[in-house]
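As given, the protein sequences belong to chains G and B, one line each in that order.
Per the working numbering, the very first residue in the first sequence carries number 9; after that it's consecutive.
Per the working numbering, the very first residue in the second sequence carries number 19; after that it's consecutive.
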Amino acid sequence: MIIELAQVSRWYGNVVAVNDVTMTVGPGVTGLLGPNGAGKSTLLHMMAGFLAPSTGTATLDGTPIWRNHEIYRSIGLVPEREGVYGFLTGWQFVLSSARLHRLPSPEDAAAKALAMVEMEAAKDRRIETYSKGMRQRVKVAAALVHEPRVLLLDEPFNGMDPRQRLHLMDLVRELGAAGRTILFSSHILEEVERVAQQIEVLVAGRHAASGDFREIRRRMTDRPHLYHVRSSDDRRLAAALIADASSGAVSLGKAGLEVQAVDFRRFTWLLPRVARDAGVTVWELSPADEDLESVFSYLISGSAR
Amino acid sequence: MNSVVAGITYRAVLGRRRVLLLILLPAVLIGLAILLRAVGSTDERAAVTLMQVYAIGTMLPLLGLIAGTGTIAPEIDDGTIIHLLSKPISRPVIATTKFAVAASLLAVFAAVPTFVAGYILLRGEAGIAAGFALGSLVGGVAYAAVFLLLGVITRHAVTVGIIYAVVWENLVGGYVPGARNFSIQQWAQTFAAEISTSDFFKATVSMGFAVPAVVIVTVGAVVWAGQRLRSLSLTGDE
């Protein structure tokens, strides 16, 4: 099944949360990547029928999603908020989901779903006694109980311990390989890379990039990098670096050098050689803009060009 | 109506601490009736006053507020409602089920104790026990619908509900006779007066007005709540 967003925007008062996004999500695993506050949840809620687009359309196989409860026959939703009834046991929670879907044998479906997320052992405990990761898994089980062809997960790996995280990643990958349409949001590139074939990057409400992880990784690495260098002779090193095309700008300050590397690979290869040939000892080399925000903001300016 | 939704709703309301209020308020009513009986003041006037002022005038709107908003507002607040809404069940069915749960809670925690208190005081005299029980039941149904709607349309359902019950029904209704026409409490008394033959109280609103008013308000509120639930929006934490 295919989710299609066509020129979708969503604003709250004067604040634009999602800005003119056109996106198609098909079978396989798609990762929705972006920093916090980029509008990922807003976008996901519009795909899940819990928010109306201010403009544009959101459809599932051509049918409008908003105000259409029939879509939930095909959609499973794992919300980010811990929206679970604490007074129910894991078993009761997943079973209620199966019954609400009017499945022919809700008990079998619930047992199967709980087995998928490895929650059989704790299924008879109340959900309020669960850890965050266990709650997350029980929510996934409740969303999978009717074997939906579309699965939407909002920050599903948050709060999980590494083992649980790997297990859920495997599960998501398997479901995607089986031909289901899966979309999950995350602000961690490594997470998205490990699970998703297709990555959609959302920054400040805008669709900044789209592609497989190699494409996204390449676009994130092939950008001007800013380095901070301290050495035994900054001025001599600066002169040697600027002579090569891999450096766009070098500025000499009290605390050392700021080097703008235009060709990342060549620069990292070049620096030690240049330093050795010039007889300069490099004491410190650190990236000045490696945080995710600056990577993302580069993607935006890149896509705007 | 959906039995799974009803089951979860009953557990949510009765499992929370608010169930204590659901029990406490009618316990006070029955306690007062026992007390009045013990001191021998079981005349009709005292019984009617207790029924009008406490059973219908205080307990019923408060219980209505607890049951009506309690079946849906906490779930919308903490997001658990998504579990019910992300299912192929029409939203009006969910609203109707929640309304039925609230109304049934009011029958058990308001109408039945009202009858018991009346019976303790007067037995079957002048149809007071039966009359106020009916009034309480009908008023409870209307309150359930209205407060359920409040729970869906505003995050301040309890505040708005208390303002309606205290300011509009009791304060404005007490001074402005015309306002009584638009008061669930007065409609409840109309139904009570229909059965009761007591000389100590007369309804201010006619049956000809109260019956359609109760029907229109109840059906209208439940339908509106269902429609509002269809376009319930979740805003992310971002």
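For each residue, glycine too, the CB sits at the ideal point set by N, CA and C.
Item                                                                                                                                     : Value
Test item: CB-CB of Leu-41 of chain G and Glu-208 of chain G under 8 Å                                                                   : yes
Between the CA atoms of Ile-135 of chain G and Ala-312 of chain G - distance to the nearest angstrom                                     : Confidence is the limiting factor: at Ala-312 of chain G the pLDDT is only 44, short of 50, which leaves the residue's position unreliable, though a coordinate-based value still follows. Distance between the alpha carbons of Ala-312 of chain G and Ile-135 of chain G: 46 Å.
Contacting residues, own chain, Cβ-Cβ under 6 Å from Ala-221 of chain B (five flanking each side not counted)                            : Gln-207, Thr-208 and Ala-211
Sufficient close CB pairs (3 or more, under 8 Å) joining the stretch 102–119 of chain B to the stretch 162–174 of chain B                : yes
Contacts of Arg-87 of chain G in chain B (Cβ-Cβ under 7 Å)                                                                               : This sequence places Pro at residue 87 of chain G; Arg is not what is there. The contacting residues are Gly-97 and Ile-100.
Within chain B, partners of Phe-95 of chain G - CB distance below 8 Å                                                                    : Arg-29, Ala-30 and Gly-33
Limits of the unbroken beta strand (DSSP E) element including Ser-62 of chain G                                                          : That residue, Ser-62 of chain G, is in no beta strand (DSSP E); it is neither H nor E in DSSP.
Reference Arg-18 of chain G; option with closest CA among G:Ala-149, G:Val-37 and G:Ala-66                                               : G:Ala-66
Sufficient close CB pairs (3 or more, under 8 Å) joining the stretch 86–94 of chain G to the stretch 145–165 of chain G                  : yes
Proximal chain B residues relative to Ala-60 of chain G, where beta-carbon distance stays under 9 Å                                      : Ser-249 and Ser-251
Any C-beta of chain B under 8 Å from that of Arg-107 of chain G                                                                          : yes
Pair within 8 Å by beta-carbon distance, Thr-98 of chain B and Tyr-80 of chain G                                                         : no
Exposure label - Val-158 of chain G; buried when at least 16 CB within 10 Å                                                              : buried
Short Cβ contact (8 Å threshold) for Ser-240 of chain G with Thr-289 of chain G                                                          : yes
Leu-140 of chain B (DSSP reduced to helix, strand or coil)                                                                               : helix
Continuous beta strand (DSSP E) stretch holding Glu-208 of chain G: start and end                                                        : 206–211
Cβ neighbours of Ala-296 of chain G in the same chain (closer than 8 Å, five flanking residues each side left out)                       : Leu-234, Tyr-235, His-236 and Glu-266
Contact set for Val-178 of chain B: own chain, Cβ-Cβ below 7 Å, skip 5 residues either direction                                         : Leu-168 and Thr-172
Sequence ranges, beta strand (DSSP E) only - wholly within the stretch 23–97 of chain G, length at least 3                               : 23–33, 36–41, 63–68 and 83–86
Beta-carbon contacts of Arg-246 of chain B that lie in its chain and below 6 Å, excluding the five residues immediately before and after : Val-170 and Ile-171
Where the beta strand (DSSP E) through Glu-268 of chain G begins and ends                                                                : In the sequence as displayed, the identity of residue 268 of chain G is Gln instead of Glu. From DSSP, the beta strand (DSSP E) with Gln-268 of chain G extends over 264–269.
CB-CB length for Leu-249 of chain G against Val-211 of chain G, believed under 8 Å                                                       : Not confirmed; about 31 Å, so no contact.
Separation of Phe-150 of chain B from Leu-189 of chain B, as counted between CA atoms                                                    : 22 Å
Gly-244 of chain B classed as buried or exposed, judged by whether at least 16 other C-beta atoms fall within 10 angstroms               : buried
Cβ-based burial, Ile-181 of chain B [other Cβ within 10 Å; buried from 16]                                                               : exposed
Touching by the beta-carbon criterion (3+ pairs, under 8 Å), the stretch 186–194 of chain G and the stretch 211–229 of chain G           : no
Residues that Val-22 of chain B contacts on chain G, provided the C-beta gap is smaller than 8 Å                                         : Ser-104, Arg-107 and Leu-108
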